[in-house]
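Residue numbers (the numbering used here): 109 to 354. Have a look at the structure below before the remarks.
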Amino acid sequence: KLKEISPRNGKTNMITRKQFRRFPLIGRFLSQVEHSTLLQYDALALHHLQSEMPKFYLPWTGSSVAPSSLRIMLNEIVIGQKKLLVEFGSGMSTIFFAKTLKQIGGKLVSVEQDAHWLEIVRNLLKSEHLEDFVDLVHCPIDGQSSLSWYHVGKLNKALESREFDFAFVDAPISSHGHPKVREPAAAFLQDFLLDDFTVFLDDMNREGEQAIAEEWQKRYGWHREDFWARGTVSAFRSKRAPFKIC
């Protein structure tokens, strides 16, 4: 059934993928179809975002957010009037979030582990006159943590007394040491989220992030909405939103 091949329910998606591992040919075909679909949505998103592209080039690498995922999150920000944003991992998302907040009002806190990369982003924000809408936070990885997540003490100090209605988890990179390196984000965010929040987790095409998503649902009771293969993100909320983002 089509619903079973490309579901929006995360649990069904996981079961289906596990079942297809027993049938390599079908699994490869499904993967190709999904990848092709994602490329089409990326192309549509790039066309839609073209007018908001920065004047100066910022590298859009394999670690960057997919254009289709970026459009999904911008829809959520505008339709849901999200104005208190935090993201883990600075880059292209930082620029587009800031441009949107410049239009509707609000503030973004962008957490980045790489000081050199953060300066590149800072300079681009200045060139686009967006620095007033973003607080850049350099927070190194805690080498003592079993999951190599951010240094919690420094992060708590940087975000002290802040509240957020939108969070984007796109870092640390999984290759930093553990496929579930982003799992601690939910526990940390609990003390900083407003009642009506949306948390996005990127790279949901990977098994590590899929496992993280299941753990977040189980532990925190968050409502989850998947967008694969229209984007590589999943959304988590404390309650169902009164509108549907797309």
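Think of the CB as a built atom: it goes at the ideal place given N, C-alpha and C, for glycine as much as any other residue.
Between which two residues does the alpha helix (DSSP H) holding residue i run?
i: T202; result: M200 to I212
i: V173; result: Element bounds for V173: n/a, residue is neither H nor E.
i: H224; result: A223 to S235
i: K265; result: V260 to A266
i: E271; result: Where E271 is concerned, there is no enclosing alpha helix (DSSP H), given that its DSSP letter is neither H nor E.
i: E315; result: E315 to Y328
Where does residue i sit, in a helix, a strand or coil, going by DSSP?
i: T340; result: coil
i: I281; result: coil
i: H345; result: Note that residue 345 is Arg in the sequence shown, not His. In this structure, R345 counts as strand in the three-state DSSP scheme.
i: H155; result: helix
i: F196; result: strand
i: V186; result: helix
i: K191; result: coil
i: S145; result: Sequence inspection shows Thr at residue 145; the Ser mentioned does not correspond to that position. T145 falls in the helix class under three-state DSSP.
i: I180; result: helix
i: L255; result: coil
i: D250; result: coil
Would you report the Cα separation of residue i and residue j, rounded to the nearest angstrom?
i: N231; j: L178; result: 21 Å
i: I281; j: V341; result: 15 Å
i: I320; j: A294; result: 10 Å
i: K234; j: S172; result: 20 Å
i: P167; j: D303; result: 35 Å
i: L267; j: G316; result: 27 Å
i: H237; j: W225; result: 18 Å
i: E291; j: A151; result: 30 Å
i: N264; j: G251; result: 17 Å
i: L216; j: P132; result: 43 Å
i: K347; j: F300; result: 17 Å
i: F308; j: W336; result: 13 Å
i: F205; j: S269; result: 22 Å
i: D84; j: T306; result: Residue numbering for the chain in the displayed model covers 109 to 354; residue 84 lies beyond these limits and cannot be assessed.
Using DSSP's beta-bridge definition, name the partner residues of residue i.
i: E333; result: A343
i: F276; result: E195 and F308
i: L238; result: DSSP output for L238 lists no bridge partner at all.
i: V289; result: V289 pairs with nothing; no bridge assigned.
i: D243; result: V217
Where do the ends of the beta strand (DSSP E) carrying residue i lie?
i: L309; result: L301 to L309
i: L297; result: Premise fails: L297 lies in the alpha helix (DSSP H), P292 to L297, not in any beta strand (DSSP E).
i: V219; result: K215 to E220
### Task
Count the CB pairs spanning the stretch 232–252 and the stretch 195–209 that are closer than 8 Å, and state whether there are at least three.
yes
### Message
Contact between the stretch 183–198 and the stretch 158–169 is defined here as three or more beta-carbon pairs at a separation below 8 Å; is this criterion met?
### Response
Counting Cβ pairs under 8 Å, fewer than three are found: no touch.
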